[in-house]
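Participant:
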Amino acid sequence: MKEYFPKHTFQNTTSLLNPVFGLQESQALSYIVLDKVFNISKTAIIVNDPFIPDTFQLKNYESIVQRLLKNEPIQYIFKEAEFYGNTFYVDKNVLIPRQETELLIQIISSFKNWEKPKMADIGTGSGCIACSLALSIADSQIVGYDVSPEALQIAQHNASKLNAHAVFSPLDILEDEIPHIELDLVVSNPPYVMDQEKQQMKKNVLDFEPPLALFVADENPLIFYKTIMEKAKKALKRGGVLFFEINEQFGKETLLLFQHYGYSEPKIYKDIHDKQRFASAIWE
Ligand SMILES: C[S@@+](CC[C@H](N)C(=O)[O-])C[C@H]1O[C@@H](n2cnc3c(N)ncnc32)[C@H](O)[C@@H]1O
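Position in the sequence shown counted from 1, then plus 3, gives you the numbering used here.
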């Protein structure tokens, strides 16, 4: 069996990935690949003691590098994504939780002094928002809804794995009512990418992430926002809050829609890249 050196394997992996990802991202990916496949940590790369991989590890390594070169997201390859300090199971049936969405959890958690809030998350996907809220807000009750049965299974799996008190149920928000009254909070990160934005999107998203989670028709890009604003009126209690993640292009329109549907105190929040990313309003 051949001996391998961690430093050389790392450099090799980085140069294989470099043409597609550039140096910085290739290095970040190489650290993960070496750790997951050969159990070689960053420190082990510095120490550089030789190791002897078995045939299975070598085959796995080659296949993972090839998949990465075809733009498959590393989160789908290893079936996990980090979100708000926890590791979520993900596969091709759910959107990979985005780093910017983490700020939504922070904004909601510190929005007010929540007391045993009842909440609903529409379009829950991996359950990242529902589980993170359940884990951050004491004594909260949250139901995550999705039209995709596969997503609901994944969300339930994540809740069990993380010991988060969230439950999940099927719902097509474009057809069904939200089956609650007197909720303290409705939150949604619905599909909001217009079909016409596809040209500017990266292959790793377009070729691998579920279209159902991403796209809306160009003619009605705010369909989910309008529908949820209308339906949440019956589900929220007076003083209840509606929170959205939004398409950065539609901040102003979202504020106008909140007014149109009779909500008060409409507000926009920017993400870490200074883009209009979240919106909230109160149902009085
Ligand atoms: C942008 S993803 C958000 C996933 C997750 N909440 C997150 O923030 O990572 C939108 C989600 O809405 C779901 N969805 C799409 N159409 C829907 C519908 N008509 N009713 C309910 N959920 C829907 C998709 O399956 C997907 O999981």
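Quick reminder that beta carbons are idealized off the backbone N, C-alpha and C, glycines included.
1. Please tell me whether E248 and F227 are closer than 8 Å, where the distance is taken between their beta carbons.
2. Let's see if you can read the secondary structure: which residues bound the alpha helix (DSSP H) around E65?
3. Under 7 Å from any heavy atom of ligand 1, does the C-beta of T12 make it?
4. Contact defined as beta carbons within less than 8 Å: I believe E180 pairs with K229. What is the distance between those atoms, to the nearest angstrom?
5. According to DSSP, simplified to helix, strand and coil, what is M232?
6. Can you name the start and end residues of the beta strand (DSSP E) that K270 belongs to?
7. Nearest-angstrom Cα distance between H160 and S172?
8. In the DSSP output, which residue or residues are listed as bridge partners for F171?
9. CA-CA distance, D124 and S191?
10. With a threshold of 8 Å on Cβ separation, who are the neighbours of L20 within its own chain once the five nearest residues in sequence on each side are excluded?
11. Helix, strand or coil for K201 per DSSP?
12. Any heavy atom of ligand 1 inside 7 Å of the beta-carbon of T104?
13. Less than 8 Å between the CB atoms is what I'm expecting for M122 and I108, so what's the real figure, rounded?
14. Ends of the beta strand (DSSP E) at K121?
15. Excluding five sequence neighbours on each side, which residues of the same chain lie with their C-beta closer than 8 Å to the C-beta of I184?
16. Between the Cα of V244 and those of V150, S112, Q199 and A220, spot the shortest distance and give me the residue it belongs to.
17. Beta carbon of C131, beta carbon of F81: below 8 Å?
18. Per DSSP, what kind of secondary structure is I285 in: helix, strand or coil?
19. Give the secondary structure of F261 by DSSP, where H, G and I count as helix, E and B as strand, and everything else as coil.
20. What is the C-beta distance between P100 and F86, in whole angstroms, given that I count them as a contact (C-beta under 8 Å)?
21. Q203: buried (16+ other C-beta within 10 angstroms of its C-beta) or exposed?
22. I'd like to confirm something about Y264: is its beta-carbon nearer than 7 Å to some heavy atom of ligand 1, or not?
23. Starting from E178, follow the alpha helix (DSSP H) in both directions and report where the run begins and ends.
24. Do N51 and P1 come within 8 Å of each other at the CB atom, strictly closer than that value?
25. Under a three-way DSSP split, which group does E248 fall into?
26. Assuming V189 is part of the alpha helix (DSSP H), what are its boundary residues?
27. Thinking C-alpha only, which one of P9, E65 and I231 is nearest P53?
28. Could you name the residues that DSSP lists as bridge partners for G243?
Facilitator: In short, the structure shows the following:
1. no
2. T58 to L72
3. no
4. Incorrect: roughly 15 Å between the Cβ atoms, too far for contact.
5. helix
6. S267 to K273
7. 13 Å
8. G147
9. 6 Å
10. E28, S29, L32, S33, V68, L71 and L72
11. helix
12. yes
13. Not quite, the Cβ-Cβ distance comes to about 12 Å (not below 8 Å), so this is no contact.
14. K121 to I125
15. K237, A238 and K240
16. S112
17. no
18. strand
19. helix
20. 4 Å
21. exposed
22. no
23. It is not in any alpha helix (DSSP H) - E178 carries neither H nor E in the DSSP assignment.
24. Because the chain is modelled from 4 through 287, residue 1 falls outside the range shown and cannot be assessed.
25. strand
26. That residue, V189, is in no alpha helix (DSSP H); its beta strand (DSSP E) goes L186 to S191.
27. P9
28. W286
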